[in-house]
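*Asks:* This structure is in structure tokens; I'll ask about it shortly.
In structure tokens:
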């Protein structure tokens with residue numbers, strides 16, 4: 008039966024430029040001289056290094072451990088020697104560095120001992136933990152750890168699992184070729200995902216400009232004989248591959264601002280992610296490679312199965328980069344980012360290496376003033392007002408940009424594509440987001456410092472109060488003791504205490520203390536020595552006589568003979 012499809016707001020139809028890279032099958036890439044594997048390749052924490060220089064590693068061995076739940080492990084892409092663990096330039100337009108493991112391949116490409124799991128006997132939680140340790144992340148661009156997205160949400164189940172095979176951006180064909188050549192294995196991964204999410208239906212959305220991929224997927228579904236899975240051809244319109252846009256097209260559900268798709272019983276995954284999940288669960292192989300499109304200013308555009316950490320120029324040489332090449336773009340022309348160098352490594356987020364030149368991508372025309380034509384708002388798939396966000400971004404009024412839902416912008420580039428004034432709108436929005444994030448971090452740091460200062464003051468005040476309470480308690484105890492001593496003192500001392508006047512009171516206290524000391528001495532003496540006994544009296548008399556004789560002898564100037 009024909010399923011009804013829906014439309015999303017906006018979108019554009021740029022030239023696809025996909026035909027040239029789909030004429031040949033996916034090719035393998037020879038081992039490079041070295042692999043540079045960044046430890047941070049996904050959304051979330053930075054994995055901690057598990058190796059050090061000089062270590063021997065094997066293919067598939069874990070070299071970076073997941074740091075917390077919002078993180079994913081990283082593995083060696085081949086066997087070899089770890090030459091260094093150091094900050095290296097990451098594939099990002101900023102040119103910043105990130106901690107990376109440098110491996111010199113030994114050429115043997117030997118697999119290490121792989122962790123295996125019994126998929127049919129394991130619980131969904133065990134499967135999710137296994138995928139976290141296998142380093143599986145979303146390969147559609149967001150690189151969000153897949154084990155977190157494979158949780159069904161509050162209801163404990165999903166109505167629909169959406170699989171994204173749209174691949175709407177120009178030049179990129181890695182998902183298209185994967186569906187053509189590996190549809191059966193991809194479908195097995197989808198079945199495992201369906202099991203973990205307890206999904207009732209599965210909808211695979213494929214743009215109608217990919218008839219070969221659509222036919223291959225439908226054939227795999229028919230061969231599997233699993234009910235509830237359907238592959239649908241959707242209209243070719245950029246950005247139909249956006250998660251919210253594809254969910255809208257296939258189900259009619261619009262996920263509003265601040266809500267998750269699982270709140271509406273839907274979750275979306277990329278076809279490449281499904282294939283990597285099958286590879287991990289069925290064969291025990293972690294995510295160490297991916298299909299990458301090499302297109303643009305090359306002689307033979309093609310898709311390659313590339314090991315993570317391979318330098319981009321090593322891959323591009325296989326496609327024949329032309330002499331006037333001046334840049335690499337990771338991704339497509341709409342959402343891709345320019346690389347800071349040619350030898351930056353391929354990472355899990357690399358779906359395409361777009362080779363550029365001044366002819367293919369000429370300098371943009373000069374920016375002109377906004378004429379408020381509204382074309383950007385018509386093209387925006389998120390149904391925003393880009394011209395309003397532009398004005399407030401330019402004025403650095405970031406509070407107002409947030410009021411216009413800046414963070415709902417998916418940075419698809421549709422607004423920039425249609426702008427008659429050639430304003431790089433997405434660049435302004437990225438700038439505003441980065442400034443807001445920076446200010447949020449500064450605010451968090453200031454709030455933390457203030458909380459520490461307030462806690463310090465509170466602690467000092469508490470310690471001061473506790474000290475005062477201790478002194479007051481000690482003074483009260485002293486007063487009680489003095490009152491007790493006064494009650495047991497001789498009548499004269501007690502009477503002195505009651506006399507008015509500060510000096511008389513002090514004198515009375517001193518006399519009471521002295522009298523108490525005398526009484527204590529008198530009480531202690533009989534316990535130590537009985538001075539009234541005759542023996543003690545005789546011994547004391549003998550001691551006194553010897554002392555008297557010694558004094559007389561020392562005072563006599565003529566001592567007896569023999570004592571000189």
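Numbering (my numbering), first residue to last: 8 to 571. We treat Cβ as the ideally placed atom computed from N, Cα and C, and that holds for glycine.
Over the uninterrupted alpha helix (DSSP H) stretch that includes residue 231, give me the two end residues.
*Replies:* 218–231
*Asks:* Looking at residue 358: is its Cβ nearer than 8 Å to the Cβ of residue 241?
*Replies:* no
*Asks:* Taking the C-alpha atoms as reference points, what is the distance between residue 273 and residue 295?
*Replies:* 29 Å
*Asks:* One question on the structure: do residue 45 and residue 318 come within less than 8 Å of each other, judged by their Cβ atoms?
*Replies:* Contact flag unset, no.
*Asks:* In the DSSP assignment, find the unbroken alpha helix (DSSP H) run with residue 274 in it and report its ends.
*Replies:* Segment 273–277 is the beta strand (DSSP E) holding residue 274; no alpha helix (DSSP H) there.
*Asks:* Rounded to a whole number of angstroms, what is the C-alpha to C-alpha distance between residue 547 and residue 555?
*Replies:* 12 Å
*Asks:* Just the Cα atoms here: how many angstroms apart are residue 420 and residue 36?
*Replies:* 32 Å
*Asks:* When the distance is taken between beta carbons, is residue 386 closer than 8 Å to residue 416?
*Replies:* Not closer than 8 Å, so no.
*Asks:* Does the distance from the CB of residue 391 to the CB of residue 411 come in under 8 Å?
*Replies:* yes
*Asks:* Report yes or no: is there a C-beta of chain D within less than 8 Å of the C-beta of residue 187?
*Replies:* Checking the listed chains, one finds no chain D in this structure; it contains a single protein chain.
*Asks:* Quick check: the stretch 157–169 against the stretch 247–261, are there 3 or more CB pairs under 8 Å?
*Replies:* yes
*Asks:* Since residue 329 contacts residue 345 with CB under 8 Å, what's their CB separation in whole angstroms?
*Replies:* Contact annotation, residue 329 with residue 345: C-beta distance approximately 18 Å; criterion of less than 8 Å not satisfied.
*Asks:* In this structure, how does DSSP classify residue 421 when only helix, strand and coil are distinguished?
*Replies:* helix
*Asks:* Could you work out which residue in 453, 307, 250 and 441 is closest to residue 101 when comparing CA atoms only?
*Replies:* 441
*Asks:* When you compare the stretch 78–87 with the stretch 53–61, are there three or more beta-carbon pairs, one atom per stretch, that lie closer than 8 Å?
*Replies:* Here the stretch 78–87 lies against the stretch 53–61, with 3 or more beta-carbon pairs under 8 Å apart.
*Asks:* Is the stretch 214–221 close to the stretch 185–194, with three or more CB pairs under 8 Å?
*Replies:* Short answer: they touch.
*Asks:* Rounded to a whole number of angstroms, what is the C-alpha to C-alpha distance between residue 13 and residue 264?
*Replies:* Distance between residue 13 and residue 264, taken at the CA atoms: about 19 Å.
*Asks:* For residue 267, collect the residues of the same chain with a Cβ closer than 8 Å to its Cβ; drop the 5 residues on either side in sequence, then sort them by chain order.
*Replies:* Closer than 8 Å at the Cβ level, and outside the excluded window around residue 267, lie 160.
*Asks:* Decide if residue 290 is buried, meaning its Cβ has at least 16 other Cβ atoms within 10 Å, or exposed.
*Replies:* Counting the other Cβ atoms within 10 Å of the Cβ of residue 290 gives fewer than 16, which makes it exposed.
*Asks:* Given that a residue counts as buried once 16 or more other Cβ atoms are within 10 Å of its Cβ, and exposed if not, what is residue 475?
*Replies:* Residue environment for residue 475: exposed (fewer than 16 other C-beta atoms within 10 angstroms of its C-beta).
*Asks:* At which residues does the beta strand (DSSP E) containing residue 339 begin and terminate?
*Replies:* No beta strand (DSSP E) contains residue 339, which DSSP labels as neither H nor E.
*Asks:* Please say whether residue 51 and residue 78 have beta carbons closer to each other than 8 Å?
*Replies:* Closer than 8 Å, so yes.
*Asks:* Three Cβ pairs or more, each shorter than 8 Å: is that satisfied between the stretch 92–101 and the stretch 118–129?
*Replies:* In short, these stretches do not touch, since the Cβ pair count stays below three.
*Asks:* Verify whether the separation of the beta carbon atoms of residue 253 and residue 171 is less than 8 Å.
*Replies:* It is a contact, given that the beta carbons lie within the stated cut-off.
*Asks:* Anyone know if the C-beta pair for residue 42 and residue 316 falls short of 8 Å?
*Replies:* Cβ distance < 8 Å, so residue 42 and residue 316 count as in contact.
*Asks:* Residue range of the alpha helix (DSSP H) that residue 181 falls in?
*Replies:* First-last of the alpha helix (DSSP H) with residue 181: 181–204.
*Asks:* Helix, strand or coil: how does DSSP classify residue 472 here?
*Replies:* Of the three classes helix, strand and coil, the one that applies to residue 472 here is helix, per DSSP.
*Asks:* Among 393, 114 and 181, whose alpha-carbon lies nearest the alpha-carbon of residue 435?
*Replies:* 393
*Asks:* Using 10 angstroms around the beta-carbon of residue 331, count the other beta-carbons present and answer buried if the total reaches 16, otherwise exposed.
*Replies:* Under this definition residue 331 is an exposed residue.
*Asks:* Using the beta-carbon count (16 or more within 10 Å), is residue 15 buried or exposed?
*Replies:* buried
*Asks:* Please determine, among 515, 469 and 466, the residue with the shortest C-alpha to C-alpha distance to residue 490.
*Replies:* 515
*Asks:* What first and last residue would you give for the beta strand (DSSP E) that runs through residue 238?
*Replies:* 236–241
*Asks:* With DSSP collapsed to three states, give me the class of residue 23.
*Replies:* coil
*Asks:* Would you kindly report the start and end of the unbroken alpha helix (DSSP H) that includes residue 406?
*Replies:* 405–410
*Asks:* Mind listing, in chain order, the continuous alpha helix (DSSP H) runs of no fewer than 4 residues lying wholly within the stretch 125–179?
*Replies:* You should have 131–140 and 153–156.
*Asks:* Could I get the ranges of all uninterrupted beta strand (DSSP E) runs contained in the stretch 31–69, with 3 residues as the minimum, in chain order?
*Replies:* 42–45
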